[in-house]
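K.L.:
Before we start, here is the structure in question, set down as C-alpha cells.
Residue numbers (the working numbering): 39 to 358.
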C-alpha cells in the first residue's frame, strides 16, 4: 500500500552511508561491551545486525540511535552525530524499540495519532492502522494489548513520520505467521521507497529473507559483513544427501570423489556427502550409484545457511 509508505516525502540523499561507525568503544565500568567496532550501513537498503547475547549489538545500535554516548570512536547517522546533533536527527529517523516508549495507559490509536502529529508529513494513520491490523484494538490501552499488538503498534509509530532511516528491534517477535509476513512486506516497501533500514533480529530466516547486507557482531566487533549470499558462499561447504539401501561401500565412493570430500552413513540408509558440491560432484555420485546398482530414493543438495555461518563464526546459537 504505497500511500502508507514513508518514501513520498521530499528528501535529499547524500552520498555518505546512512550509518558509519568507526572504532566504536563503549564500556560499562570494567566491562568493554563494544571494542573498536566498525560498521557501515548503506543508503536505501536493509542491513541486519546479528549477534549472540552479550556481543555488543544492542549497545552499538543504541549508540547509533543516540541513547548512549560513545567512549571512543566516531558515529555518524545520516551524516550527523546522534548525540550532539540529536535535535536535527530525530525528525529524520524512526526507532522501533522492543519494549517501552509508550504510555501504559494510552490507547493504541491515540498514541499513534499523537506520534503522527509530531511530524510535518506523516503517513495516513487510518491506512497504517488497517495495514498493520490494529483496527480491532485501537481503543485498547497499551497495557492490555497482546505482545504481538504491542509490536505492531511500535512498528507503526516508528514509520508514521516518514523517516529516512528506521531502526527496527525484533519487529516480528510475538507475531503470528500472517502478521509476520505483513511486517516483512512493509519493510520491503520501506526499502523500495529509498528508506534505509537497520534490523536486529533473532530469526535467521528473517535476516535471509529481508537483508541486503548482514553484519555479525561478536566480542564487541563486527567479525563478518556482506550479503547473505556472499556470507553463505564464503562459509563451510554444502552438503549432498541421498538415501539408499543400508551399508553401502562408502570407501569405494570416496575413491570416486574429489579430494577433501567426506561421506558418512548418518542413519541406516541415509547418507551425507560434504565437499564442494557442484554439477561434477553430483554427476560423480549419481554415476557411482548407477555402477553399484543403487537407486537413491531421495537426493538433495542443501545450501549452506546463514545460521551455519553464524554458528561457525561465533560458536553460539542466536537466542532471544
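Each residue gets a CB set at the ideal place from its N, CA and C atoms; glycine is no exception. Model, not experiment: these values are computed from the prediction.
Classify residue 95 as helix, strand or coil using the three-state DSSP reduction.
P.N.:
One-based indexing of the chain shown puts residue 95 at position 57. Looking at residue 95 - three-state DSSP - the assignment turns out to be helix.
K.L.:
In three-state DSSP terms, what is residue 310?
P.N.:
The residue you call residue 310 lines up with position 272 of the chain shown. Strand at residue 310.
K.L.:
Hey, could you find the ends of the beta strand (DSSP E) residue 146 is sitting in?
P.N.:
As a working note, residue 146 is residue 108 in the chain shown. Element bounds for residue 146: not the beta strand (DSSP E) but the alpha helix (DSSP H), 146-155.
K.L.:
Under 8 Å, with one C-beta from each stretch per pair, do the segment 255-265 and the segment 307-316 reach the 3-pair mark?
P.N.:
no
K.L.:
Out of curiosity, what's the CA-to-CA distance linking residue 307 and residue 334?
P.N.:
Taking the first residue of the chain shown as 1, we reach residue 307 at position 269. Taking the first residue of the chain shown as 1, we reach residue 334 at position 296. Each residue's alpha carbon lies about 10 Å from the other.
K.L.:
On the CB-based measure, 16 or more other CB atoms within 10 Å of its CB, does residue 189 come out buried or exposed?
P.N.:
As a first step, residue 189 must be located in the chain shown, where it is residue number 151. Buried, by the Cβ-count rule.
K.L.:
Per DSSP, what are the beta-bridge partners of residue 347 in this structure?
P.N.:
Here residue 347 is taken as the residue at index 309 of the chain shown, counted from 1. Answer is none; residue 347 lacks a bridge partner.
K.L.:
Please return the same chain residues whose Cβ sits closer than 8 Å to the Cβ of residue 271, not counting the five positions on each side in sequence.
P.N.:
Counted from its first residue, the chain shown places residue 271 at position 233. These residues qualify, in order along the chain: 342.
K.L.:
Any idea which residues DSSP pairs residue 279 with across the strands?
P.N.:
Reading the chain shown from its first residue, position 241 is the one you call residue 279. Looking at the DSSP assignment, residue 279 forms a beta bridge with 310 and 338.
K.L.:
With 16 other CB atoms within 10 Å as the buried threshold, where does residue 54 fall?
P.N.:
Working through the chain shown from its first residue, we reach residue 54 at position 16. So residue 54 counts as exposed.
K.L.:
Where do the ends of the alpha helix (DSSP H) carrying residue 64 lie?
P.N.:
Numbered from 1 along the chain shown, position 26 holds the residue referred to as residue 64. Note, residue 64: premise wrong, no alpha helix (DSSP H); beta strand (DSSP E) at 57-66.
K.L.:
Could you have a look at residue 315 and say whether DSSP puts it in helix, strand or coil?
P.N.:
Here residue 315 corresponds to residue number 277 of the chain shown, with the count starting at 1. Coil at residue 315, not helix or strand.
K.L.:
Suppose the cutoff is 8 Å on Cβ atoms and the five residues either side in sequence are ignored; what does the same chain contact list for residue 250 look like?
P.N.:
To locate residue 250, count along the chain shown from 1; it is residue 212. Cβ neighbours of residue 250 beyond the five flanking positions: 80, 83, 84, 85, 229 and 265.
K.L.:
Going by DSSP, name the residue or residues bridged to residue 205.
P.N.:
The residue given as residue 205 occupies position 167 in the chain shown. The partner list for residue 205 (beta bridge, DSSP) reads 133 and 236.
K.L.:
Which partner residues of residue 254 appear in the DSSP bridge assignment?
P.N.:
Position 216 of the chain shown holds residue 254. Answer by DSSP bridge pairing, in chain order: 88 and 262.
K.L.:
Taking residue 211 as part of the beta strand (DSSP E), name the residues at either end of that continuous run.
P.N.:
Locating residue 211 in the chain shown gives position 173, where the first residue counts as 1. It is not in any beta strand (DSSP E) - residue 211 carries neither H nor E in the DSSP assignment.
K.L.:
Classify residue 101 as helix, strand or coil using the three-state DSSP reduction.
P.N.:
Mapped onto the chain shown, residue 101 falls at position 63. Looking at residue 101 - three-state DSSP - the assignment turns out to be helix.
K.L.:
Could you check where the beta strand (DSSP E) with residue 80 kicks off and where it finishes?
P.N.:
As a first step, residue 80 is located in the chain shown; it is residue number 42 there, counting from the start. Unbroken run through residue 80: none, as it is neither H nor E.
K.L.:
When the Cα of residue 69 is compared with those of 121, 258, 159 and 146, which residue comes out closest?
P.N.:
Along the chain shown, read from residue 1 onward, the residue named residue 69 stands at position 31. Measuring from the Cα of residue 69, the nearest candidate turns out to be 258.
K.L.:
Please confirm if the segment 201-217 is in contact with the segment 228-247, defined as three or more CB-CB distances below 8 Å between the two stretches.
P.N.:
yes
K.L.:
Could you say which of 277, 99, 193 and 305 lies nearest to residue 286 if we only look at CA atoms?
P.N.:
Residue numbering aside, residue 286 sits at position 248 when the chain shown is read from its first letter. Nearest of 277, 99, 193 and 305 to residue 286, Cα basis: 305.
K.L.:
Within its chain, find whatever has a CB closer than 8 Å to the CB of residue 154; leave out the 5 residues flanking it on each side and keep chain order.
P.N.:
Position 116 of the chain shown holds residue 154. Excluding sequence neighbours, residue 154 sits near 160, 161, 163, 198 and 199.
K.L.:
Between residue 61 and residue 112, is the Cβ-Cβ spacing less than 9 Å?
P.N.:
As a first step, residue 61 is located in the chain shown; it is residue number 23 there, counting from the start. As a first step, residue 112 is located in the chain shown; it is residue number 74 there, counting from the start. Going by C-beta atoms, residue 61 is nearer than 9 Å to residue 112.
K.L.:
Determine the direct distance from the alpha carbon of residue 167 to that of residue 173, and round the result to whole angstroms.
P.N.:
Walking along the chain shown from the start, residue 173 turns up at place 135. Walking along the chain shown from the start, residue 167 turns up at place 129. Cα to Cα, residue 173 sits roughly 6 Å from residue 167.
K.L.:
Can you give me the start and stop residues for the beta strand (DSSP E) that residue 114 sits inside?
P.N.:
Start at 1 with the first residue of the chain shown, and residue 114 comes out as number 76. Residue 114 -> beta strand (DSSP E) spans 110-115.
K.L.:
Nearest to residue 254 by CA position, among 193, 56, 108 and 76, is which residue?
P.N.:
Counted from its first residue, the chain shown places residue 254 at position 216. The shortest C-alpha separation from residue 254 is found at 76.
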